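Student:
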Amino acid sequence: MTLNGNEFTLSNQALEAMATTFWRTRVKERGRMLCRDGEITASPEHIGGRWSITTRNCRGKMEAGDFHTHPVGPSAPSWWDAFSILSTSYRHHRPVLGCRGAKADGLIRCETARRVPTLAELQYLKTKRRRMRGTWAHDDPEIAKYLSESQSFEVRKVPEFIKPPAPPPVAPRIKTEELVFATSMFKRYTNLDTGETRVEKVY
Ligand SMILES: [Zn+2]
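To convert, count from 1 in the sequence shown and add 1; that's the numbering used here.
#1: Out of 138, 131, 24, 7, state which residue places its alpha-carbon closest to the alpha-carbon of residue 160.
#2: Quick one: using the 10 Å Cβ neighbour count with 16 as the cut-off for buried, is residue 194 buried or exposed?
#3: Report the three-state DSSP secondary structure of residue 110 (helix, strand or coil).
#4: Buried or exposed: which applies to residue 66, given that a residue is buried once 16 or more other Cβ atoms fall within 10 Å of its Cβ?
#5: Any heavy atom of ligand 3 closer than 6 Å to the beta-carbon of residue 79?
#6: Just to confirm, are residue 121 and residue 87 a CB contact at a threshold of 7 Å?
#7: How about residue 185: is its C-beta nearer than 7 Å to some C-beta of chain C?
#8: So for residue 26, helix, strand or coil by DSSP?
#9: If you draw a straight line from the C-alpha of residue 92 to the C-alpha of residue 164, how long is it?
#10: Pull up the CB-CB distance for residue 176 and residue 191, whole angstroms please, since I reckon it's below 8 Å.
#11: Does the region 76-87 come within contact of the region 20-34, defined as at least 3 CB pairs closer than 8 Å?
#12: Pick out the complete beta strand (DSSP E) segments inside the region 119-201, 3 residues or longer, and give them in chain order.
#13: When you compare the CB positions of residue 171 and residue 107, do they come within less than 7 Å of one another, or not?
#14: In chain order, what residues of the same chain lie with their CB nearer than 7 Å to the CB of residue 216, ignoring the 5 residues before and after it?
#15: When you compare only the Cα positions, how much space is there between residue 123 and residue 169?
#16: Could you tell me whether the Cβ atoms of residue 109 and residue 2 are closer together than 7 Å?
#17: Would you call residue 4 buried or exposed, if buried means 16 or more other Cβ atoms sit within 10 Å of its Cβ?
#18: Could you give the residue range of the alpha helix (DSSP H) that holds residue 89?
#19: May I ask you to list the residues that DSSP assigns as paired with residue 17?
#20: Keeping to the same chain, check which residues put their C-beta closer than 6 Å to that of residue 38; ignore five residues upstream and five downstream.
#21: For residue 6, which three-state DSSP category applies?
#22: If you draw a straight line from the alpha carbon of residue 116 to that of residue 90, how long is it in whole angstroms?
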């Protein structure tokens, strides 16, 4: 997916891992780091609390962002989710991806930072952080303005995205024989795989 001009290509492994984590979610948030390994791949799953989760690092690979689930409420980013996207983007000097999967709407939804905040901007947001717990990012224009547009997809459609492409059809092996008579000629085609024959008059 492309967000605010940044390309974030989720590998089949990442899509499958995100969907698995989504379906496993019951009461506690679950999450994975998203790591850059050419395409984006997902780390093993971490289990958090009912309302929060801390994901760990990418073990040597570049960090592309993270994914976590919302057992309650929609896939929209919470204020803390947005803060996490911004502080991680600041730490890496580039916009990172933040995705959530929510049982309530069946969606995986992602955003990135519209731009990397400055240290002063981040510190200002940090002063608000404690009292913003439990609010949605889009209810506070002071943090929502840093978020890119969002992209979402239905989790139940993930198996369709990751289906391998159909193999190209195999051309049948055909033996062609010419059957020549005094005033006519036929061609006999034999499919060597099925044994089927077809005769065509040439003249
Ligand atoms: Zn969240």
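Backbone N, C-alpha and C fix where the C-beta goes; we use that ideal spot for every residue, glycine too. The structure presented is a predicted model; accordingly, all values stated were derived computationally and were not measured.
Tutor: Quick answer:
#1: In the sequence shown, the residue the question calls residue 160 occupies position 159. Nearest of 138, 131, 24, 7 to residue 160, Cα basis: 24.
#2: Residue numbering aside, residue 194 sits at position 193 when the sequence shown is read from its first letter. When all chains shown are included, residue 194 counts as exposed.
#3: In the sequence shown, residue 110 corresponds to position 109, counting from 1. The answer is strand: DSSP assigns residue 110 an E or B state.
#4: Position 65 of the sequence shown holds residue 66. Residue 66 should be labelled buried.
#5: Judged by which ligands are present, ligand 3 is missing from the structure shown, whose ligands are ligand 1.
#6: Taking the first residue of the sequence shown as position 1, residue 121 is located at position 120. Taking the first residue of the sequence shown as position 1, residue 87 is located at position 86. In this structure, residue 87 does not lie closer than 7 Å to residue 121 by Cβ.
#7: Considering every chain present, this structure includes no chain C. It has just one protein chain.
#8: Here residue 26 corresponds to residue number 25 of the sequence shown, with the count starting at 1. Reduced to three states, the DSSP call for residue 26 is coil.
#9: Walking along the sequence shown from the start, residue 92 turns up at place 91. Walking along the sequence shown from the start, residue 164 turns up at place 163. Cα to Cα, the separation comes out at about 36 Å.
#10: Numbered from its first residue, the sequence shown carries residue 176 at position 175. Numbered from its first residue, the sequence shown carries residue 191 at position 190. Yes, they are in contact, since the Cβ atoms of residue 176 and residue 191 sit about 5 Å apart, within 8 Å.
#11: no
#12: 152-155, 175-181, 186-192
#13: The residue you call residue 171 lines up with position 170 of the sequence shown. The residue you call residue 107 lines up with position 106 of the sequence shown. Contact: no.
#14: This structure leaves residue 216 out entirely; the chain is present only between 2 and 204.
#15: Position 122 of the sequence shown, counted from the first residue, corresponds to residue 123. Position 168 of the sequence shown, counted from the first residue, corresponds to residue 169. Straight-line Cα distance between these residues: approximately 52 Å.
#16: For the purposes of this step, residue 109 is taken as the residue at position 108 of the sequence shown. For the purposes of this step, residue 2 is taken as the residue at position 1 of the sequence shown. Not closer than 7 Å, so no.
#17: Translated into the one-based positions of the sequence shown, residue 4 becomes position 3. With 16 or more Cβ atoms within 10 Å of its Cβ, residue 4 is classed as buried.
#18: What you label residue 89 is simply residue 88 of the sequence shown in a count that begins at 1. Taken as a continuous stretch (DSSP letters only), the alpha helix (DSSP H) holding residue 89 covers 80-93.
#19: Here residue 17 refers to the residue found at position 16 when the sequence shown is read from its first residue. For residue 17, which the question treats as bridged, DSSP gives no partner whatsoever.
#20: Mapped onto the sequence shown, residue 38 falls at position 37. Hits under 6 Å: 62.
#21: Reading the sequence shown from its first residue, position 5 is the one you call residue 6. Coil, per DSSP.
#22: Here residue 116 refers to the residue found at position 115 when the sequence shown is read from its first residue. Here residue 90 refers to the residue found at position 89 when the sequence shown is read from its first residue. Rounded to whole angstroms, residue 116 to residue 90 spans 8 Å at the Cα level.
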